[in-house]
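J.: With numbering that gives the first Met the number 0 applied, the sequence shown covers 0 to 167.
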Amino acid sequence: MANEFNADEVFRIAEQIEKNGGDFYGKIAEKAAGDPISRLFKDLASMEKEHEKAFSTMRSALSDQEREGTTFDPGQEGTQYLEALAGISVLDDRVKKAFSLIATLSGDDMVRDGLKAAIDLEKDSVVFYLGMKEMVPERLGKDKLDWIIKEEMRHIRILGARLLSLKK
0 MANEFNADEV FRIAEQIEKN GGDFYGKIAE KAAGDPISRL FKDLASMEKE
50 HEKAFSTMRS ALSDQEREGT TFDPGQEGTQ YLEALAGISV LDDRVKKAFS
100 LIATLSGDDM VRDGLKAAID LEKDSVVFYL GMKEMVPERL GKDKLDWIIK
150 EEMRHIRILG ARLLSLKK
């Protein structure tokens, strides 16, 4: 299996992760309309959209050479590895299951389970971005990636604090 990936693949997958997160937060905000938690989910959806734009900007700044594969990989195993690391299909399934679950819940259960699902999705993002750091050159915004990791970790803290407040 090829061990190197082109930056275009990395950023494409990162954009998808952020889109999934934004969609998730948007859906749960709609479901929680009228509950104070809705504002938190709307804010998080907006933040995820900003992250998606940041990765899109990084991706559009790539040169043709950086868009090309860095190794011979006819079976696209490198892309498959990245997608597995990102949990693209797994993440999509988790988001779909979370949407289905949210549709059947109401009140405190919906809020509690929504927060738990959100924390899990944020953790998955952090794991992927930490793995990505080694593949992103400084000139393409490695510092922005550090910022996004910190943002995702901040989201986990916010969500965790809100979840703990429900248990009191």
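Think of the CB as a built atom: it goes at the ideal place given N, C-alpha and C, for glycine as much as any other residue. Nothing here was measured: the structure is a model prediction, and the numbers come from that model.
Helix, strand or coil for residue 2? Go by DSSP, reduced to three states.
T.: Residue confidence is low: residue 2 scores 44 on pLDDT, short of 50, so the model does not pin down where it sits. Its coordinate-derived value is still stated next. Coil at residue 2, not helix or strand.
J.: Can you tell me whether residue 123 is buried or exposed? The criterion is at least 16 other CB atoms within 10 Å of its CB, across all chains shown.
T.: buried
J.: Going by other Cβ atoms of all chains shown within 10 Å of its Cβ, with 16 needed for buried, is residue 149 buried or exposed?
T.: exposed
J.: Which full runs of the alpha helix (DSSP H) of 4+ residues lie inside the segment 4 to 51, going along the chain?
T.: 6 to 30
J.: Residue 71: buried (16+ other C-beta within 10 angstroms of its C-beta) or exposed?
T.: Residue placement at residue 71 cannot be trusted, given a pLDDT of 49 that sits under 50; what the coordinates show is reported in the next sentence. Burial state of residue 71 is exposed, judged by a 10 Å Cβ sphere holding fewer than 16 other Cβ atoms.
J.: With respect to the alpha helix (DSSP H) encompassing residue 163, which residues constitute its N-terminal and C-terminal limits?
T.: 141 to 166
J.: For residue 60, does the three-state DSSP call read helix, strand or coil?
T.: Three-state DSSP puts residue 60 in coil, outside helix and strand.
J.: Measuring alpha carbon to alpha carbon, tell me which residue in 109, 11 and 142 is nearest residue 40.
T.: That would be 109, whose Cα lies nearest to the Cα of residue 40.
J.: Would you mind stating whether residue 14 and residue 58 have Cβ atoms separated by less than 8 Å?
T.: yes
J.: Could you give the DSSP three-state label for residue 105: helix, strand or coil?
T.: Residue 105 falls in the coil class under three-state DSSP.
J.: What is the DSSP secondary structure of residue 135, reduced to helix, strand or coil?
T.: coil
J.: Mind checking whether residue 139 and residue 53 have CB atoms under 8 Å apart?
T.: The answer is no: Cβ separation not under 8 Å.
J.: Can you tell me the Cα-Cα spacing of residue 38 and residue 160, whole angstroms?
T.: 15 Å
J.: Between 12, 9, 8 and 24, which has its C-alpha nearest residue 154's C-alpha?
T.: 24
J.: So, for residue 145: in the same chain, excluding its five sequence neighbours on each side, which residues have a beta-carbon less than 8 Å away from its beta-carbon?
T.: 132
J.: In whole angstroms, give me the CA-to-CA distance for residue 64 and residue 35.
T.: 48 Å
J.: Note down the Cα distance separating residue 28 from residue 135, rounded to an integer number of angstroms.
T.: 33 Å
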